[in-house]
Structure formats: C-alpha cells, structure tokens
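The sequence shown finishes on residue 273 if you use our numbering, and the numbering steps up by one all the way, no holes. Every residue, glycine too, gets a C-beta built ideally from N, C-alpha and C. Here the structure is a predicted model, which is why all the values come from computation and not from measurement. Contents: one structure, followed by commentary.
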Amino acid sequence: MDIASFAGIISGISLIISAIVIGGDVHNFINIQGLMIVAGGTVATTLLTFQLKDVAAAFKAAYFVFKEDCEDPNKIIANMIKLCHISRKQGILELSNIKTNSSFLKKACNLIADGSEIDVILSSLRTEISSLKMRHLVVQDVFRKMGIYSPTFGMIGTLIGLVQMLSKLSDPSTIGPSMAVALLTTFYGSLGSALFFLPIAGKLKSRTIREVINHEIMLEGSLSILKSNNPIIVYEKLSSFVPAKGRTPLSKINVKPDGK
Numbered sequence: 014m015d016i017a018s019f020a021g022i023i024s025g026i027s028l029i030i031s032a033i034v035i036g037g038d039v040h041n042f043i044n045i046q047g048l049m050i051v052a053g054g055t056v057a058t059t060l061l062t063f064q065l066k067d068v069a070a071a072f073k074a075a076y077f078v079f080k081e082d083c084e085d086p087n088k089i090i091a092n093m094i095k096l097c098h099i100s101r102k103q104g105i106l107e108l109s110n111i112k113t114n115s116s117f118l119k120k121a122c123n124l125i126a127d128g129s130e131i132d133v134i135l136s137s138l139r140t141e142i143s144s145l146k147m148r149h150l151v152v153q154d155v156f157r158k159m160g161i162y163s164p165t166f167g168m169i170g171t172l173i174g175l176v177q178m179l180s181k182l183s184d185p186s187t188i189g190p191s192m193a194v195a196l197l198t199t200f201y202g203s204l205g206s207a208l209f210f211l212p213i214a215g216k217l218k219s220r221t222i223r224e225v226i227n228h229e230i231m232l233e234g235s236l237s238i239l240k241s242n243n244p245i246i247v248y249e250k251l252s253s254f255v256p257a258k259g260r261t262p263l264s265k266i267n268v269k270p271d272g273k
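Right, here's the structure in full:
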C-alpha cells in the first residue's frame, strides 16, 4: 500500500469538506446538473480522444497509485549479482531454470541461456523497455487529458448556468442562488483536475520512471553476465542507477546463489 497516495487524497478531501462545513451548509455544494456536465463531458471527450481499451487500461492502472511501490532497485542489483555467480560457477544454461516474477528478467535469462548474440539480446530488451514506456505513456496521457477536460467542462457548465440565470433577471431574488449553482460546475471541474486526474497522472509517471530504472538495471546486469564480468564490476555498474545515499554496500549484499 502506498501510504503517500492514501494520505494525499484523504487529507485533500478532508480539508475541502472541513472548509465547506465550517463556512456553511454542505448541501449548497451539491448540484446534480453540474456533476452531470463535468463527469459526463469529461468521460465523453476522453472516449473521443482515446480508444476504449486505452481508457479501460488507464482506470485499471489507477489501482497502482495506491499499490505498494516498485521493487527496491538494491534487491534487483543483489539478484543480478547472484545470477552472475550462477553463470560463472554453473554455466549460462543454468539461467534458464531461474524462478522470478519478472517476465523481463526471465526473457533476458532465456536469451542468454539460448546463446543469443549480444546485439540480439540488447535489441530485444531495449524494444521491451520502449514498449513499456509507450504503454505507460498512453495511460498517463488519459489522466492528463481528463485533467484538462474536467475544468473546461466546469466552465461550460458555468456558462450554461449564467445563461439560465440571465433569462430570469425579471426576478432579482433568483440571481444569487442561480449564480451559486452556476459556479459549482467550475468547482467540480477544478476539484476533479487538481485532486484526482493530474495527481494520478503524476504518480503513474513517477512509477514508470522507477520501473524503467529497474528494467535498465536488469538489462545492464544481463549484458554483464553475458560478458562474464566479475560480481564487483557488476555491482559498480548497476549501483550507478541508485542515488549514492540509497545504495546498499556490496559488503552487505548476500551474493551467494544458495542464499548462504
């Protein structure tokens, strides 16, 4: 569970609701027509912009905003060093028998065990990383676009409300309430954009960056295994992907393949 995401969205909603309650009646901020315009318009234009499968994938990906963060790169580095030991002690064919939850690492090990040329391995894994970036970019863009469309439809709803208000100027007593209702759609649109859509897009982007870094570590580690680099060289190469303060020293990494 990502504590930061939960803390952010809960605190944001709580503060806004608290401000509304302190300032007056909560019911004054409820308008079904405004919600229909903002929510319906945002979803409609998003479907017009993207394919249905991309929108569905984006909403599924929103789950990862609240999911535990990506795997610690230090653990991946330790794992790559262990694989280096395996290939040096038992031969590269043994890599095809490793058990891992990472399809990327499994693919890399299978390519190495099959005796593929280094250029083939590099090209295949680079394509895999590029494909990952593109898929994630589309998902992020769905929420970024929703963050743009939401306040736009909020303004459209406000204009609709103003037109309706101006048509009733003969009754001055309705101007105040009508203006309040008109402004609510702008509130809904801005709230959806600032508290949900844009933050989700930003969080998914940061997760993609960390995931790509992890894949780059596995890629470089695989090439080092193919070149039969010793574990110290492998560590020095791979630790460059991790900020100096966050690196686990080689002396504290259990590099033995049997875990002993």
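Beta-carbon gap between residue i and residue j smaller than 8 Å
| i | j | result |
| --- | --- | --- |
| A195 | T171 | yes |
| E81 | D15 | yes |
| K216 | V78 | yes |
| E107 | I99 | yes |
| S206 | S163 | yes |
| A91 | I105 | no |
| T62 | K146 | no |
| L28 | I131 | no |
| I188 | M178 | yes |
| F156 | F210 | yes |
| L220 | N87 | Looking at the sequence shown, residue 220 is not Leu but Arg. Cβ distance not < 8 Å, so R220 and N87 don't count as in contact. |
| S241 | R101 | yes |
| I35 | F42 | no |
| F72 | H228 | no |
| K119 | T113 | yes |
Element boundaries [alpha helix (DSSP H), containing residue i]
| i | result |
| --- | --- |
| D184 | Careful: D184 lies outside any alpha helix (DSSP H) and carries neither H nor E. |
| K95 | P86 to Q103 |
| Y248 | P244 to L251 |
| Q46 | I45 to L48 |
| C122 | S116 to A126 |
| K66 | L65 to A74 |
| T261 | First-last for T261: undefined, no H or E at that position. |
| T62 | G54 to T62 |
| F254 | That residue, F254, is in no alpha helix (DSSP H); it is neither H nor E in DSSP. |
| L28 | I16 to G36 |
CB-CB length for residue i against residue j, believed under 8 Å
| i | j | result |
| --- | --- | --- |
| T198 | G160 | That pair is no contact at about 16 Å. |
| S115 | L124 | Contact doesn't hold; Cβ gap of about 14 Å is too wide. |
| C97 | P244 | 5 Å |
| I142 | V247 | 19 Å between Cβ atoms; not a contact. |
| A17 | V152 | Wrong, their Cβ atoms sit about 19 Å apart, outside the cutoff. |
| I89 | I213 | Not confirmed; about 26 Å, so no contact. |
| K250 | S237 | 6 Å |
Reference residue i, options the options, closest by Cα
| i | options | result |
| --- | --- | --- |
| F254 | I222, I266, L239 and I238 | I222 |
| K218 | A74, V39 and V56 | A74 |
| S252 | G104, I266, V51 and Y162 | I266 |
| P190 | H40, K250 and Y201 | H40 |
| L175 | G47, I30 and S24 | G47 |
| I50 | L204, L60, V133 and I173 | I173 |
| V56 | N242, T165 and K119 | T165 |
| I134 | L150, C83 and E233 | E233 |
| G25 | G54, L208 and G37 | L208 |
| Y76 | T59, S31 and F19 | F19 |
| G202 | I23, D38 and G53 | G53 |
Closer than 7 Å: residue i CB and nearest the ligand SAM heavy atom
| i | result |
| --- | --- |
| F210 | This structure lacks the ligand SAM; in fact it carries no ligand of any kind. |
Contact with chain E by residue i, beta-carbon distance below 8 Å
| i | result |
| --- | --- |
| S31 | The chain inventory of the structure shown lacks chain E, comprising one protein chain alone. |
(message) For a minimum of 4 consecutive residues, which ranges assigned as the alpha helix (DSSP H) are wholly contained in the region 156-221?
(response) Every alpha helix (DSSP H) of 4 residues or more that sits fully in the region 156-221 is shown, in chain order, as 188-204.
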